[in-house]
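Novice: The sequence shown finishes on residue 362 if you use this note's numbering, and the numbering steps up by one all the way, no holes. A virtual CB, placed ideally from N, CA and C, is assigned to each residue, including glycine.
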Amino acid sequence: MSEVLGTYPWLREGWSRLQAYLNTGRVPQALLMTGAAGIGKRHLALLLAQRLLCRAPGEFGCGHCASCALIAAGTHPDLIQVGPVEPGKPITVDAIRGLIATLGLKPQYSGYRVVILAPAHQMNVNAANSLLKTLEEPERHTVMLLLSEQPALLPATIASRCQRFALSLPSRDAVLEFLSAHGQAAQAEVLWSIAGGAPLRALELAGSSVVEIRAGFFADWSDLAAGREQPATVAEKWAKSALDELADWMLSWTGDLIRLKSDPHCRRLDNPDLSKSLQALAARLHLTAVFDYLDRLNHARRLLSGQANRQLLLEELLIRWAWLARSPP
Ligand SMILES: [Zn+2]
34 MSEVLGTYPW LREGWSRLQA YLNTGRVPQA LLMTGAAGIG KRHLALLLAQ
84 RLLCRAPGEF GCGHCASCAL IAAGTHPDLI QVGPVEPGKP ITVDAIRGLI
134 ATLGLKPQYS GYRVVILAPA HQMNVNAANS LLKTLEEPER HTVMLLLSEQ
184 PALLPATIAS RCQRFALSLP SRDAVLEFLS AHGQAAQAEV LWSIAGGAPL
234 RALELAGSSV VEIRAGFFAD WSDLAAGREQ PATVAEKWAK SALDELADWM
284 LSWTGDLIRL KSDPHCRRLD NPDLSKSLQA LAARLHLTAV FDYLDRLNHA
334 RRLLSGQANR QLLLEELLIR WAWLARSPP
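(1) Give me the DSSP bridge partner(s) of ARG197.
(2) Once the 5 residues before and after ALA239 are set aside, which same chain residues still bring their CB inside 6 Å of it?
(3) Check whether the Cβ of PRO90 lies closer than 8 Å to any heavy atom of ligand 1, and answer yes or no.
(4) With DSSP as the reference, identify every bridge partner of VAL148, one or two as the case may be.
(5) Which residues mark the beginning and the end of the alpha helix (DSSP H) in which SER213 is found?
(6) Based on the DSSP output, what are the partners of MET156 in its beta bridges?
(7) State yes or no: is the C-beta of ARG96 nearer than 8 Å to some heavy atom of ligand 1?
(8) Return the Cβ separation of ARG146 and THR175 in integer angstroms, given the expectation that the two are a contact with Cβ distance under 8 Å.
(9) Here's the rule: buried if 16 or more other CB atoms are within 10 angstroms of the residue's CB, otherwise exposed. What is HIS109?
(10) Ignoring anything shorter than 4 residues, give me the alpha helix (DSSP H) runs that lie fully in the region 264-349, in order along the chain.
(11) Reducing DSSP to helix, strand and coil, say where VAL243 ends up.
(12) When every heavy atom of ligand 1 is checked, does at least one fall within less than 8 Å of the C-beta of GLN141?
(13) When the Cα atoms are used, what is the spatial distance from LEU276 to LEU233?
(14) Considering only the beta carbon of each residue, do LEU150 and LEU179 sit closer than 9 Å?
(15) When every heavy atom of ligand 1 is checked, does at least one fall within less than 8 Å of the C-beta of SER35?
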């Protein structure tokens, strides 16, 4: 068992699918690895890269040869990692041109060359166009691993030239176990919920104050429902926050309201830390109103992946919420 799979056991299933490629000698030249942010795509990609570049591989890279040592040091010349200069920024055409220039040279060591490009959906249009030719006419023994948590944002021309490789979220219990093993037993459920079920994202959030921050947003949201706050005021207050994340949180609160409408003592909430306030809210709301709001949120979530006017969308969601929550059941 490799150390990576020991630490992140939910990746074993994905690894066994990658091994099937390795065992038949049919590793795709372009693989689009998808799955939620914080699921461990890069860990799996690196495991595959090491296995391909190792000079004495078994099931995994051997961990001892010169190649494995260079990978561990992050300096293997035939493992090329491409990404944005700063997190959140686009991957530019210059980065892709640099990659193409490198691929034009001979590999430093005989054998494979592995490219890990992530997050692939952050390539801007020129970068994607520039990469296209490389995907159409791949160099021999070059394996391109494109990682993305939002593959729908990739141009179809890119996606269609890659073999799809999807990683699905581990079970809730598996994530809770992982978080407990990393000293987060006390807030494991809340972290699981806030991270949308992605284990590494949950662990990363454990070190931040996101639980408190989210509780603050929830307080605004309940104040709106109770008429203690006005939609315009809350919209202004929320304007600088990541709307995708806010929409996901509202979706998760609304999901809990629906659970509590059918069972006021439901113990399997996504937001156990907010259960008291959610119970009080659920008691005041009509089930059809909550379902109506869930529809609006899901609709908004889809619009957010496109070119929607985000501020307008946020205001609309808050006005709708205040209106639904204040209508008598
Ligand atoms: Zn090795």
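Specialist: Per the coordinate set shown:
(1) Here residue 197 refers to the residue found at position 164 of the sequence shown. In the DSSP output, where bridge partners are listed per residue, ARG197 has LEU65.
(2) Position 206 of the sequence shown, counted from the start, is the residue given in the question as residue 239. Here the set comprises GLN217 and LEU224.
(3) In the sequence shown, counting from the first residue as 1, residue 90 sits at position 57. Yes, since a heavy atom of ligand 1 falls inside the 8 Å radius drawn around the Cβ of PRO90.
(4) Reading the sequence shown from its first residue, position 115 is the one you call residue 148. Per DSSP, ILE113 and MET177.
(5) For the purposes of this step, residue 213 is taken as residue 180 along the sequence shown, with counting starting at 1. Looking at the DSSP string, the run of the alpha helix (DSSP H) that includes SER213 is 205-214.
(6) The residue you call residue 156 lines up with position 123 of the sequence shown. DSSP output for MET156 lists ILE124 as bridge partner(s).
(7) The residue labelled residue 96 in the question sits at position 63 within the sequence shown. A small fix is needed here, since residue 96 is Gly in this sequence, not Arg. True, at least one ligand heavy atom lies under 8 Å from that Cβ.
(8) As a first step, residue 146 must be located in the sequence shown, where it is residue number 113. As a first step, residue 175 must be located in the sequence shown, where it is residue number 142. That pair is a contact at about 5 Å.
(9) Sequence index remark: in the sequence shown, residue 109 carries index 76 (1-based). HIS109 comes out buried.
(10) 264-271, 276-295, 308-317 and 320-337
(11) Here residue 243 refers to the residue found at position 210 of the sequence shown. Here VAL243 sits in helix by DSSP.
(12) For the purposes of this step, residue 141 is identified with residue 108 of the sequence shown, where counting begins at 1. GLN141: no, Cβ never under 8 Å from ligand 1.
(13) Along the sequence shown, one-based indexing puts residue 276 at 243. Along the sequence shown, one-based indexing puts residue 233 at 200. Approximately 22 Å, taken between the alpha carbons.
(14) Looking up residue 150 in the sequence shown gives position 117. Looking up residue 179 in the sequence shown gives position 146. Against a cut-off of 9 Å, the Cβ pair of LEU179 and LEU150 comes out as a contact.
(15) Counting from one through the sequence shown, the residue named residue 35 turns up at place 2. No, Cβ of SER35 sits at least 8 Å from all heavy atoms of ligand 1.
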